[in-house]
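Enquirer:
In this note's numbering, the protein residues as written are 1473 to 2437.
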């Protein structure tokens, strides 16, 4: 397949969570990692009696040495050996806690020198080709000498291709990196083991031992396997696809996907990120980094493990998990073991792949099936507009390719567009030879020329029924493909609609393809490829839209820590004290009752579990009862995982399930329901009585709250969860979703609270919801922001003056820009691992500001809530935001207060609350920048104990700093 032508290449009380305890691994900037100015290559010492002459040219170290010295990047590079004298050599030549190398050394000294240490610039990067016996000492010597970054690469004699070798090297790296570094020395970050190194093509830097190089581009390519990575780089070279970077991660003992996503998410040379993945690794850091990065740069993943053989190879090897005992949700009843070890491994792999798929959805990551699709999508997402819908209009001069494109479109999640009546009439006038009615896809006929194509493109671009356009040309006798391409290139492309093309015909169409590429229309050689990619493009857009859709208000009892959590934990603790890990039915039902999930009586339960699928109403003859299933399974890496689908005795046969990660909002619960086949029956299709799905959404939200608040639960299965109709007092049908049969097991008491799996996505930090008392005597409610606060935030911004906006954002932003949904997703949808925003609202009945201002907007009290016995108004009057730095353990804060409330003493009280949160999160310092003329903000900070200093680079800015510990 040929590449597209392109113009340019709340936490459980038992184990509180914090930004510090759950922080990402990337607390040290990776900039010097991937743009080093000095480096050292450390190898095993030569065997006894063998003279030391540096790495041999035919070794991995020798190949890397050759690549490093051939590029344009000015890298000061030396070699060393990992013998018993290395630590002493590094220590004796250490100056100011760093290793020194010659300022002018661009060619390594291979004359037997055992030390990379002479006067010059600091060594930033160590590249180690060491066996397991020498690796620990070499790593510790680097740490002691202040080397900040290291890459552990494979020896020829130890390729780390088997799990046992890789695990042994990984254990060594983890042991060293967990040791405290010398005082004043930053921790060393390590890439590997088994990494092939990395490239920065635009800089001319190649620190791999591969002979392949890549042309510069805008795509960052991250690969688990070095061999796979170099093969793909070779493919990219042939297809003319350029890279901004290539990184081989190896075993990810320290530096993992999350670190790399955070770095390349900020890299100005990178427009999109593609990943060739074998295993996910640290789920929490990946999801947190991916959610942040995907808002600005697309992330496309090719993940192996779907086939039987691949699943056996990539399945988890550890048996210390819930998967190795009870098949969780894809097969089997509780307590049933797989027939053999291979079946158990396949089951675990299938489960893991389903969870990873859910993690990708939750973090807006697009998963593709082929190498070509991975790079095609990176190109399209970086260059083409996002479609507003999934309807693709196809224009062709031949029926066959158009039909193949239509099939590929539907199979990838898109739909074939039907032009409006106005478009159809205009087309018939512009192209009189078209048949009536118009065919879909549109076939212009073999004699179509440039004017025909151009007229069709113009009309499709204006049609509101069409979200994207695919132009297909199949070589026809006597036709001029270049002339058609020229006519299309003169047409202005529609705003907000991607336009793709397929020019089929071999070398005869190359000129035409070049013309379209210069007009910013990507061209593919086969018609089905762009149609399938449009389906992916729409799926990606829909995923982000669904993920950040404003949800229904969260149930109020979940917004604060209360006795519900303690009562539920007491039920679990009672069972453990009795030596049980399985709850009785009464105990499981008591848990559900605490979280507001209705259940049947024991008599009703036996009736429901024996009824056939789809019990019908005697009058309407519509099925009024449906068996569903709702499960919680605890995964050692992802924490609690939710499963929803078709229940009843055939649930394992039908395999109609959808997997999600808690906590859920109403929107996420709805999407989870929609991914199952039984959702069509719930909507009233196929002759079934329609159910109120919003009631089911709330059941899922409440069940997800149980999952995140009670990590002691190993599994909680409700099967069936009966969907049924009941008449109200007014005689109207009401939808009920009742737990008829449930089974709950606990993690054994041998697991301490700290060892229990935690949610992959940090839940709402309800512990920070509390009254806020000001010196003026007024009391407000302060709480972390929620996704459903978006309407209140829109109203809040309407109360701000231009001066307040300028002081907060350092530039003017008009109201319409500030309240767009796309922007407010970053404001309201907090990743609580990275930032926590605290909103302030007056008490109910006290919405009037201290001076004349508009009263609360109608309907604001609808979102009122109670905290510590006080009821809030739902009107937001101030927002304080605490953001954690990704390069150190510090935090930055910012505050914005409604103009009408700026004399109520909110600023000082809110800042003190942010300081409390920062300390609870374990941060070291709290910082803020403001303009020198913003005296009011400076006075507030001085009262809170901050020190002030002028920014040395900008004298109009004052930096305020508070030491927290």
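Every residue, glycine too, gets a C-beta built ideally from N, C-alpha and C.
What did DSSP end up calling residue 1906 once you bin it into helix, strand or coil?
Expert: In this structure, residue 1906 counts as coil in the three-state DSSP scheme.
Enquirer: Alpha carbon to alpha carbon, what distance is there between residue 1919 and residue 1948?
Expert: Residue 1948 and residue 1919: Cα-Cα distance of roughly 8 Å.
Enquirer: Do residue 2112 and residue 2231 have their C-beta atoms closer together than 8 Å?
Expert: Yes.
Enquirer: Apart from the five residues just before and just after residue 1556, which ones in its own chain have a Cβ nearer than 8 Å to its Cβ?
Expert: Cβ neighbours of residue 1556 beyond the five flanking positions: 1609.
Enquirer: Helix, strand or coil: how does DSSP classify residue 1606 here?
Expert: Residue 1606: coil per DSSP, three-state reduction.
Enquirer: Roughly how many angstroms separate the alpha carbons of residue 2098 and residue 1916, rounded to a whole number?
Expert: Taking the straight line from one Cα to the other gives about 49 Å.
Enquirer: Quick check: the region 2262-2272 against the region 2132-2152, are at least 3 beta-carbon pairs closer than 8 Å?
Expert: These segments do not touch.
Enquirer: Can you tell me whether DSSP reads residue 2105 as helix, strand or coil?
Expert: Three-state result, residue 2105: strand.
Enquirer: Within the same chain, show all residues whose beta-carbon is closer than 6 Å to that of residue 1736, passing over the 5 residues directly before and after it, in chain order.
Expert: Excluding sequence neighbours, residue 1736 sits near 1692, 1742, 1745.
Enquirer: Does residue 1620 come within less than 8 Å of chain C when only Cβ atoms are used?
Expert: Absence of chain C from the displayed structure is noted, only one protein chain being present.
Enquirer: If contact is defined by three or more beta carbon pairs under 8 Å, each pair taking one atom from either stretch, is the region 2168-2175 in contact with the region 2215-2224?
Expert: No, the region 2215-2224 does not touch the region 2168-2175.
Enquirer: Leaving aside the five residues before and after residue 2421 along the sequence, list all residues of the same chain whose C-beta is less than 6 Å from its C-beta, in chain order.
Expert: Cβ within range, chain order: 2431.
Enquirer: By Cβ distance below 6 Å, which residues in the same chain neighbour residue 2149 in space, the five residues on each side in sequence not counted?
Expert: So the qualifying residues of the chain are 2128.
Enquirer: Which partner residues of residue 1551 appear in the DSSP bridge assignment?
Expert: Note: residue 1551 sits in a beta bridge opposite 1513.
Enquirer: Suppose the cutoff is 8 Å on Cβ atoms and the five residues either side in sequence are ignored; what does the same chain contact list for residue 2423 look like?
Expert: Cβ neighbours of residue 2423 beyond the five flanking positions: 2401, 2429, 2430, 2431.
Enquirer: Give me the Cβ distance between residue 1510 and residue 1595, rounded to the nearest whole Å; I'm assuming they're in contact under 8 Å.
Expert: The Cβ separation is near 5 Å, so the contact holds.
Enquirer: Measuring alpha carbon to alpha carbon, tell me which of 1908, 2178, 2003, 1959 ends up nearest residue 1987.
Expert: Ranking the options by Cα distance to residue 1987, first place goes to 1959.
Enquirer: Mapping DSSP to helix, strand and coil, what is residue 2428?
Expert: Three-state DSSP puts residue 2428 in a strand.
Enquirer: Output needed for residue 1628: all residues of its chain with C-beta closer than 7 Å, excluding positions within five of it in sequence on either side, in chain order.
Expert: The answer, listed in chain order, is 1531, 1532.
Enquirer: Compare the Cα-Cα distances from residue 1675 to each of 1716, 2436, 2288, 2130 and report the closest residue.
Expert: Nearest C-alpha to residue 1675: 1716.
Enquirer: Measuring only from the beta carbon, is residue 1973 closer than 7 Å to any heavy atom that is part of the ligand SAH?
Expert: As presented, the structure is devoid of all ligands, the ligand SAH included, so that no description of it is given.
Enquirer: For residue 1665, collect the residues of the same chain with a Cβ closer than 7 Å to its Cβ; drop the 5 residues on either side in sequence, then sort them by chain order.
Expert: Excluding residues within five positions, the ones whose Cβ falls inside 7 Å are 1624, 1632, 1638, 1641, 1642, 1645, 1722, 1723, 1725.
Enquirer: Can you give me the start and stop residues for the beta strand (DSSP E) that residue 1621 sits inside?
Expert: Per DSSP, residue 1621 belongs to the beta strand (DSSP E) from 1621-1624.
Enquirer: Output the distance between the C-alpha atoms of residue 1964 and residue 1921, rounded to the nearest integer angstrom.
Expert: Each residue's Cα considered, the two are about 18 Å apart.
Enquirer: Count the other C-beta atoms from every protein chain shown that fall within 10 angstroms of the C-beta of residue 1652, then say buried if there are 16 or more, exposed otherwise.
Expert: So residue 1652 ends up on the exposed side.
Enquirer: DSSP state of residue 2158, grouped into three classes?
Expert: Three-state result, residue 2158: helix.
Enquirer: Please report the residue range of the alpha helix (DSSP H) in which residue 2000 lies.
Expert: Taken as a continuous stretch (DSSP letters only), the alpha helix (DSSP H) holding residue 2000 covers 2000-2019.
Enquirer: For residue 1825, name the three-state secondary structure that DSSP assigns.
Expert: Here residue 1825 sits in helix by DSSP.
Enquirer: Of the residues 2267, 1864, 1890, 2116, which one's Cα is nearest the Cα of residue 1883?
Expert: Nearest option by C-alpha distance: 1864.
Enquirer: In this structure, how does DSSP classify residue 1655 when only helix, strand and coil are distinguished?
Expert: Residue 1655 falls in the coil class under three-state DSSP.
Enquirer: Quick check on residue 1535: does DSSP put it in helix, strand or coil?
Expert: Three-state result, residue 1535: helix.
Enquirer: Can you find the residues in the same chain that come closer than 8 Å, C-beta to C-beta, to residue 2147, ignoring five residues on each side of it along the sequence?
Expert: Closer than 8 Å at the Cβ level, and outside the excluded window around residue 2147, lie 2130.
Enquirer: Taking all protein chains shown into account, decide if residue 1869 is buried (16 or more other Cβ within 10 angstroms of its Cβ) or exposed.
Expert: Answer is buried; the Cβ neighbour count reaches 16.
Enquirer: Under a Cβ-count criterion, where at least 16 other Cβ atoms within 10 Å of its own Cβ denotes burial, should residue 2414 be classed as buried or exposed?
Expert: Exposed, because fewer than 16 other Cβ atoms sit within 10 Å of the Cβ of residue 2414.
Enquirer: Quick one: what's residue 2356 bridged to in DSSP?
Expert: 2363, per the DSSP bridge assignment.
Enquirer: In three-state DSSP terms, what is residue 2191?
Expert: The answer is strand: DSSP assigns residue 2191 an E or B state.
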